[in-house]
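Structure first, then comments.
Protein chains in written order, with the numbering used here: chain A, 1 to 115; chain B, 1 to 105.
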């Protein structure tokens with residue numbers, strides 16, 4: 001069983017462009033989370049899915065951010081009209097179904113640099 | 001929202017030394033995890049420990065939920081232990097700012 005995978009691992013884009021990241025959770029994990037981490041800080045929660053339903057969104061998730069998990073498996077995070085302040089590491093995590101130990105397992109992250 | 005404070009912010013050790021990292025949190029929690037973030041940014045699970053004590057090799061952790069703190073013990077530290085250690089609590093995890101550990105040979 002492989003861990004959480006994310007693609008791409010690195011992304012450089014120009015301000016104003018749209019970017020999309022993909023996350024593949026551990027198989028049979030029905031919960032999936034997105035976090036953002038800026039340099040020198042701990043990760044900050046963005047949003048969470050249970051199966052295909054997006055159940056919680058942080059205030060950090062502005063209107064330019066959208067996340068989907070169409071079939072309850074992989075997820076995508078899109079940032080529209082990127083700004084330099086969006087430069088960060090975007091982390092995805094997954095955890096087993098409700099009622100099971102809620103350990104979250106993290107992927108390697110996607111480093112975004114907005115020029 | 002819940003606040004998480006970690007101490008110390010930085011810690012420098014000689015190889016073989018022991019250390020204790022602390023995590024205080026402002027409200028009761030059902031979930032507490034300790035992570036090690038390696039130099040490439042990967043967050044590695046160390047413990048899921050909302051209460052009680054657990055041990056894994058040279059690492060152990062204790063959470064006293066009633067007093068809202070958790071401790072991570074590292075014994076006989078090695079250079080490969082270097083990195084940032086995070087405590088995180090809650091459901092959509094709230095992370096502390098981490099402890100930057102440097103172990104010198």
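All C-beta atoms, glycine included, are put in the ideal place defined by N, C-alpha and C. Given the structure is predicted, the values throughout are model-derived calculations rather than measurements.
The three-state secondary structure of residue 102 (chain A), taken from DSSP, is coil.
For residue 25 (chain B), no Cβ of chain A is located within less than 7 Å of the residue's own Cβ. In the structure shown, residue 2 (chain A) adopts coil according to DSSP, grouped into three states.
Under the three-state reduction of DSSP output, residue 42 (chain B) falls in the coil class, being neither helix nor strand.
For residue 84 (chain B), same chain residues with a beta-carbon under 6 Å away, outside a window of 5 residues either side, are 37, 98, 100 in chain order.
Residue 86 (chain A) sits in a helix when the DSSP states are folded into three classes. Using a Cβ distance threshold of 7 Å, residue 46 (chain A) and residue 61 (chain A) count as a contacting pair. For residue 81 (chain B), the secondary structure class from DSSP, reduced to helix, strand or coil, is helix. The secondary-structure analysis by DSSP pairs residue 52 (chain B) across a beta bridge with B:63. Here DSSP, grouped into helix, strand and coil, assigns residue 18 (chain B) to coil. The three-state reading of DSSP puts residue 52 (chain A) in coil, since its state is none of H, G, I, E or B. In this structure, DSSP gives residue 19 (chain A) an extended state, which the three-state scheme calls strand. The residues 47, 60, 61, in chain order, have a CB closer than 7 Å to that of residue 54 (chain B) in the same chain once the five nearest residues on each side in sequence are set aside. Taking C-beta separations shorter than 6 Å and ignoring five residues to either side along the sequence, the partners of residue 80 (chain A) in its chain run 18, 64, following chain order. Counting only Cβ-Cβ distances below 8 Å, residue 56 (chain B) has no contacts in chain A at all, with the closest Cβ about 13 Å away.
Collapsing the DSSP output to three states places residue 89 (chain B) in a strand.
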